[in-house]
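Just remember that the working numbering sits 93 ahead of the position in the first sequence, which is counted from 1. Everything on this sheet refers to the single structure shown next.
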Amino acid sequence: MKYNFNDIEKKWQDYWAKNETFKASNNSDKPKYYVLDMFPYPSGAGLHVGHPLGYIASDIYARYKRHKGFNVLHPQGYDSFGLPAEQYAIQTGQHPAVTTEANIKTYRRQLDQIGFSFDWSREVRTSNPEYYKWTQWIFIQLFESWYNYDSNKAEPIDTLIERFNVEGNTNINAACDDDINPFTAEEWNAFSDTEKQRILLKYRLTYLAETEVNWCPALGTVLANDEIVNGVSERGGHPVIRKKMTQWSMRISAYAERLLQGLDTIDWTDALKDIQKNWIGKSVGASVKFKVLSPTLSEGKGVDKVPGYMTGGNNSHLLIERAKEMRANPTDAEAALWAQLKGKKLGVKFRQQHLIGDYIVDFVCLDKKLIVEVDGKIHDYQIEADEERTVRLENDYYKVIRFKNEEVLGDIDSVLIKIEEALAQRESINSKQVLSSGKDLGWEIEVFTTRPDTIFGVSFMTLAPEHELVSQITTAEQKAEVEAYIEATAKRSERDRMADVKTISGVFTGTYAEHPFTKEPIPIWIGDYVLASYGTGAVMAVPCGDQRDYDFAKHFNIPIPNIFEGVDISEEAFASKDNVKIANSDFLNGLNYKQATKKAIEALEKIGQGEGKTNYRLRDAVFSRQRYWGEPFPVYYKDGMPQMIDEKHLPLTLPEVEKYLPTEEGEPPLGRADVWAWDTNTNSVCHSELVSESNGFYPLELNTMPGWAGSSWYFFRYMEEQSNRGEAFATEGALKYWENVDLYIGGSEHATGHLLYSRFWVKFLYDRGFVGVDEPFKKLINQGMILGTSAFVYRRLSYVKLEGYGLTRWHPIKHKPIFESYRDTLEVGVTFKDSSLEKEILDWIKQELPLLHHNKLIEIFGNDPLIIDLLNPMSNEEIIEFLNEKIEFQYQSLHADISHLKTIGEGSNIKYTDELIVEEFKNWRPEYKNAEFICSDNKFLTLREVEKMSKSKFNVVNPDEICEQYGADSLRLYEMFLGPLEQYKPWNTAGITGVHGFLKKLWKLYVPFMDGSLSEVEVEPTKDNLKTLHKTIKKVEEDIENFSFNTSVSTFMIAVNELTAQKCTSRHILEPLLVLVSPYAPHIAEELWEQLGHKASISTAPFPKFEEKYLVESSKNYPISFNGKMRFTLELPLDMSKDEIEKAVLAYDKTQEQLQGRTPKKVIVVPGKIVNIVG
RNA sequence: GCAGGAAUGGCGAAAUGGUAAACGCACUCGAUUUAGAAUCGAGAGACUGGGAGUUCGAAUCUCUCUUCCUGUACCA
């Protein structure tokens, strides 16, 4: 009787599929249990051994729960919209639906072969129109909702409109855009429909807004913050730039507080909760307004007040004469334009030939910082190029628009319209002054602080260099320095700033703010340690309580007042909030952090210069993607305003396009669709060319939804049976029965994406009464990743090093690829010189160069004029001479596919070595065909390193082979046996024979039942049999409940070893044992269960009941320790009292031997555990 | 920098404050076998990263240092 795992596994997989063994019921007397795996994306590479880890764990749990009498929902499906299929479509022209379908087939085959107990009747795919109909429906609900902070939940937008109708918006406490203007009910009712829509958009939970987004040109799409890793795209590693675009956004920030609070109600790991907490980034504190003092008020500390129109720089005294001269002699175009601009003809004041910094601009509106330039004459006195000057001016927040002489003279009307448009987009400086209550200049700086208690410790303020007030408050004296600083910091990339956090830099603006309580002047600095994007872009610096402020103050010799009682701040700031009293702080003296914070906020509120405030780091989520393969928005545009398609006309299905690329105009791929407009007459999609608002044909939205749209609610869809899915995303009964996911297993990489967004959507659906739970996943476990061992080959690259123009440049030399066998002295990314290697390269170039060498040079060095123009005029000899000593080298490491490595052993013991099979590697890529391989000892070695298992790293191990060789049960057991579920572990098949051997041994225990060698008489279990069984039941049950699957595999091994030694043939032992094993190794369990004579599947057989009585012992082999060290053991009855044990132990020979006549000081007796003798 | 986690044989790992190293791989020897594989049996091997403390007793609790991993990035 051999254990034919392949046949057995096939047999039971077919049986389960045919009998729908794991189909969940929506009507059951059993308690419910919902086990879910994180939604897989069906990639073209199929499953590798890392993927099933979590699936096996959840499957064990699901099967265990069935044995425990639960009605288990354990579904699976596919997050089938996504980038890879689209990238593939762009490359090959294959429709993403086709490749996705093929990928799903592979996935399904592989999943089936591992024997998962999924209820496939409930499968969902996000790319199915019957599914995304409801994704679109949820989007519409979000659009039709606003967030009311008073009731603290989302409400239908109609309730907001009603309130606008009767009271305007001044009393509304809503999550909304920042730029809301107050209006009364009368004003609201007078607004046009379009205007009303525009305003409502600022309140809706999903809204259109111009946002700065992470644009990835290579992928042609926008990426979310969490899709960017180290400044490049997570998928593909392409560069990402900031770009302004009109996008759909989700007002997730409205839910920041509830997303944070909700974490306390769910059973997730602390690590995961911490990640979400950090991402939400709540800080409680106060917003404080500091009045900006005019320099004259600062009593000699500032400089004389400069009139607002004097915007010239330090050279004004020289330039002003030229400006006057130019005003007197305008060109025709300038004169014509000036006639139209002067005297506030456009509603704003323009000045002509005006000094801005060191420039003279043609026309400027200072209030709106708009400069109008008329080109066409030579500015002989002006050396800088116009472009550079524009950049400098725009750094100062001026907007520069240019016109040509001909434009002004030929069509002055359109020039004026353009100027008016530009003016309309500019904010007025004066309008800000109206809002403020500053004493003199009328400006205020608002800051956010988490430490309002330290307000008396403020000795300066720091603004981000990008802060809008900087250019306005900077005094003439400081102007040059401030401008230089802004320019310098603008050049520093984000990465530079990050890498270099130690350098302290900043500049004084020359202006002072007024302390709200002491009225002392506080110098205002700018510094790039303050981020424009967080809070208000300004901080009140408290150097004694904040290390960065402290460092800044030390560096620039700014006073550091100490406001903490009895704290030494001579070396560093005191940043703790605990155990300290405030001092030198007027009315806050003697208070602790909490009391002082409260009192300071009260005082600020009293004088109207601040209030308690909570800040969140969480930003609204961009929801648009410029992609084809995603859910279309159910949106068309009327008067530029988005309109929702009525839900009864959903789904709005994805149209066909001939190509999956953006259009020539840069529109998303849907812009290519011929049939992509909305006909409001028939409520259906119509030909794009028909668009005409008067006839009711409107353009449809061209963006599609991001990947997280479909995955934010799929767990509800599983609750509904296929047949009822038409009427709702899930019926009320189904939602009520299944509630939410009891156990969710997946990787921690989804911590800030999927897991946060789904919580947001669920809370929203809950608010609007569509679901009855406000958290999707009650318990969540992160499985660790299985790592692969990659192989790296080292490629030697050659460069020409040229110096000049103050820069060093390395020009790559394009010779055939050269690979070197790995040795530990090879370093990646470091350039070095080597004369013999250089000679080789020079010889090669010499040989390559023909007499007319221009084209060849381009072939070798690339078409870069910096080097080609340099070398081309030289003769061949001169070129070689010139290049001498200028060649440098560098190593680059590349992934080789591990299948190109030599193997040792065969069959089950096959192992990859470090050695590369050069011929296979050469044939892998056409560009390696002629590559040179430098071996050592006739071997070409790779560097093996453990990293994430991934197709792109060519280190994947496919589970198919394991299944074929050892069977799915062995794979399942082995993956669990590798170690704790959450741990990261490299894949190594070395131990798989161990678990496979265990299964064979298990099988052997049952052979007597199969080969007829067992007599018909039932064998009664022995005491030992029962002890082994019940010990195992207890341990396995505990282990599964604790998700400690590795230890239960050991427990099975121990049980089988013991039962084999006991020669157990009792059905009363072997039957329950199968049920214990069944969640882990279901195929063998089913087969043996059947062999024991059962007709029904083992899957719902009751889990054996643990009975303590079989483990009860009458005696215990007590470890006897002396001073905590165990010396020997002594068998004593368990019913002995403490005193009796002590007596018995002390009377024992060995005890006396150990004591050697000493009297023990103390004897510790823990009955049933241990005896410890001290002395 | 901050937050979280980890460190036990050659390897993966186990151990409610109570006999440290279970279980598996690899290794050695023996049996069976023409040989190998498979199977069976036997065996060798780590005193828990370093230091201190609490305790009758510490892998486990506290402090500290070292190394590694993960997350996050000047968050006011």
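Where a beta carbon is used, it is the ideal one built from N, C-alpha and C, also for glycine. Here the structure is a predicted model, which means the values were calculated and not measured.
In the three-state scheme derived from DSSP, where H, G and I count as helix and E and B as strand, residue 1136 is classed as coil.
Nearest to residue 1210 by C-alpha distance, out of 1199, 1229, 1198, 1193, is 1229. Under the DSSP definition of a beta bridge, residue 892 partners with 905, 981.
Taking residue 1022 as reference, the option from 645, 609, 912 with the minimal CA-CA separation is 912. Here the C-alpha atom of residue 1056 lies approximately 33 Å from the C-alpha atom of residue 809. In the DSSP assignment, residue 771 falls within the beta strand (DSSP E) that extends over 770–772. Rounded to whole angstroms, the Cβ separation of residue 675 and residue 656 is 6 Å, and the two are in contact under 8 Å.
Boundaries for residue 777: no alpha helix (DSSP H) harbours it, while the beta strand (DSSP E) harbouring it runs 777–779, taken from the DSSP string. Contact check for residue 1074 and residue 150: beta-carbon distance about 5 Å, within the 8 Å limit, so the pair qualifies. Apart from the 5 residues on each side of it in sequence, residue 743 sits with its Cβ closer than 7 Å to the Cβ of 226, 229, 230, 727 in its chain, given in chain order. Non-local beta-carbon contacts of residue 990 in its own chain, meaning distances under 7 Å to residues more than five positions away in sequence, involve 1017, 1047 in chain order. For secondary structure counted as the alpha helix (DSSP H) over 4 or more consecutive residues, the segment 818–864 holds these complete runs in sequence order: 825–831, 847–860.
In this structure, residue 982 and residue 1045 do not form a Cβ contact; the two beta carbons are roughly 27 Å apart against a cut-off of 8 Å. Ranking 239, 1051, 984 by CA distance to the CA of residue 920 puts 984 first. In this structure, the straight-line span from the alpha carbon of residue 708 to that of residue 540 is close to 11 Å. Nearest to residue 134 by C-alpha distance, out of 1154, 970, 1259, 173, is 173.
Fewer than three beta-carbon pairs drawn from the segment 253–269 and the segment 761–779 are found closer than 8 Å, and the two stretches are therefore not classed as touching.
Out of 1220, 1043, 1240, 1066, the CA that lies nearest to the CA of residue 144 is found in 1043. Setting aside the 5 residues that flank it on each side, residue 625 is surrounded in the same chain by 557, 559, each with a C-beta closer than 6 Å to its C-beta; the list follows chain order. With respect to the C-alpha of residue 561, the residue from 548, 553, 579, 544 having the closest C-alpha is 579.
Here the segment 672–691 does not lie against the segment 744–760, with fewer than 3 beta-carbon pairs under 8 Å apart. Listed in chain order, the alpha helix (DSSP H) runs fully inside the segment 1118–1192 are 1138–1154, 1160–1170, 1175–1184, counting runs of at least 4 residues. Going by beta carbons, residue 302 and residue 342 fall inside the 8 Å limit. Excluding sequence positions up to five before and after residue 926, its CB lies within less than 7 Å of the CB of 981, all in the same chain and listed in chain order. If you ignore the 5 residues before and after residue 866, its C-beta comes within less than 6 Å of the C-beta of 832, 833, all in its own chain and listed in chain order.
Per DSSP, the continuous alpha helix (DSSP H) segment holding residue 193 begins and ends at 189–206. DSSP places residue 794 outside both helix and strand once states are collapsed to three, so it counts as coil.
The beta carbon of residue 374 is closer than 7 Å to those of 709, 710, 711 in its chain, skipping five residues each way along the sequence. Taking residue 751 as the centre and dropping the five residues before and after it, the same chain places the C-beta of 765 closer than 7 Å to its C-beta, in chain order. Between residue 1162 and residue 1118, the C-beta gap is smaller than 8 Å, which places the two residues in contact. For residue 648, the enclosing alpha helix (DSSP H) covers residues 640–648.
From the listed residues 180, 122, 186, the smallest Cα separation to residue 311 is found for 180. DSSP, read as helix, strand or coil, puts residue 1237 in helix. With respect to residue 546, residue 610 sits apart: the two C-beta atoms are not nearer than 8 Å. Listed as beta-bridge partners of residue 463 by DSSP are 458, 492. Excluding sequence positions up to five before and after residue 961, its CB lies within less than 7 Å of the CB of 950, 951, 954, all in the same chain and listed in chain order.
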